[in-house]
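Enquirer: Dropping the structure in here first, questions after.
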Amino acid sequence: MYSNEAEVGRAIHKKIADGTIRREDLFLTGKLWCTFHRPNLVQKGLQRSLEALNMKYLDLFLIHVPIEFQPSEDLLPVDKDGNYLYSNTDIRETWEAMEQCKDAGLVKSIGVSNFNRRQLELILKKPGLKYKPVCNQRYRYKAH
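Using our numbering, read the sequence shown as starting at 552 and increasing by one per residue.
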């Protein structure tokens, strides 16, 4: 969403190359964007971040928000009238695909962002839950 992963990755690799830092000394977090919530797209969304950063894994991978847009190359897909094109994948199915990314070694930890209690409980009470979210990142703005 922020379109800065490639720049961040280049800066990190420059500092790794000159010996300033080591990858294992960093904690890198990425987020699954809203057009990648379908289970078959979760790893694709993660891979885009990994490729942009030129990294083999993330330390933490979060579901950005519990709102899903239709799969699209557009960041915010809209119809001809400018209305957002939402979708409705069960967040528990998205979570299961997140767990698979962890099992594959592509991420060390998984979590969520901007979830309310009910949304978080859907995951926590999911039958067959392998990994609980390690965090629920919440934004707090003075204007809110």
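Glycine is no exception: its CB is placed at the ideal position from the N, C-alpha and C atoms.
(1) On the DSSP bridge assignment, give the partners of Thr580 in chain order.
(2) Of all the options Arg643, Gln594 and Asn687, which has the alpha carbon lying nearest to the alpha carbon of Lys607?
(3) Considering only C-alpha positions, which residue in the set Ser664, Leu604, Phe612 and Tyr690 is nearest to Ile618?
(4) Leaving out five residues on either side along the sequence, give the residues of the same chain with a beta carbon under 7 Å from the beta carbon of Phe612.
(5) Between which two residues does the alpha helix (DSSP H) carrying Lys653 extend?
(6) Please classify Glu556 as buried or exposed, where buried requires at least 16 other C-beta atoms within 10 Å of its C-beta.
(7) Comparing alpha-carbon positions, which option in Arg689, Trp646, Val616 and Gln688 lies nearest Tyr682?
(8) Just to confirm my understanding: we take Asp625, look at its own chain, exclude 5 residues before and 5 after, and list those with CB closer than 8 Å. What are they?
(9) Tell me the residue span of the alpha helix (DSSP H) that contains Ser600.
(10) Quick one: grab the DSSP three-state call for Phe666.
(11) Label Leu675 either buried or exposed according to how many other C-beta atoms from any shown protein chain fall within 10 Å of its C-beta, with 16 as the threshold for buried.
(12) Are Leu592 and Pro622 closer than 8 Å when you measure CB to CB?
Expert: The structure says:
(1) Here the question's residue 580 lines up with position 29 in the sequence shown. Leu611, per the DSSP bridge assignment.
(2) The residue labelled residue 607 in the question sits at position 56 within the sequence shown. Taking Lys607 as reference, the option from Arg643, Gln594 and Asn687 with the minimal CA-CA separation is Gln594.
(3) Sequence index remark: in the sequence shown, residue 618 carries index 67 (1-based). For the set Ser664, Leu604, Phe612 and Tyr690, the Cα lying nearest the Cα of Ile618 is the one of Ser664.
(4) Reading the sequence shown from its first residue, position 61 is the one you call residue 612. When the five nearest sequence neighbours on each side are left out, the beta carbons in the same chain lying within less than 7 Å of the beta carbon of Phe612 are those of Gly581, Leu583, Leu597, Met649, Cys652, Val658 and Ile661, in order along the chain.
(5) As a working note, residue 653 is residue 102 in the sequence shown. Where Lys653 is concerned, the enclosing alpha helix (DSSP H) stretches over Ile642 to Asp654.
(6) Here residue 556 refers to the residue found at position 5 when the sequence shown is read from its first residue. Buried, since its Cβ has 16 or more Cβ neighbours within 10 Å.
(7) In the sequence shown, counting from the first residue as 1, residue 682 sits at position 131. If we check each option's Cα against that of Tyr682, Trp646 comes out closest.
(8) For the purposes of this step, residue 625 is identified with residue 74 of the sequence shown, where counting begins at 1. Excluding residues within five positions, the ones whose Cβ falls inside 8 Å are Thr586.
(9) Residue numbering aside, residue 600 sits at position 49 when the sequence shown is read from its first letter. That run of the alpha helix (DSSP H) goes Pro590 to Leu604.
(10) Your numbering for residue 666 matches position 115 in the sequence shown. DSSP places Phe666 in the coil class of the three-state scheme, outside both helix and strand.
(11) Along the sequence shown, read from residue 1 onward, the residue named residue 675 stands at position 124. Flag for Leu675 reads exposed.
(12) The count along the sequence shown starts at 1 and reaches residue 592 at position 41. The count along the sequence shown starts at 1 and reaches residue 622 at position 71. Contact: yes.
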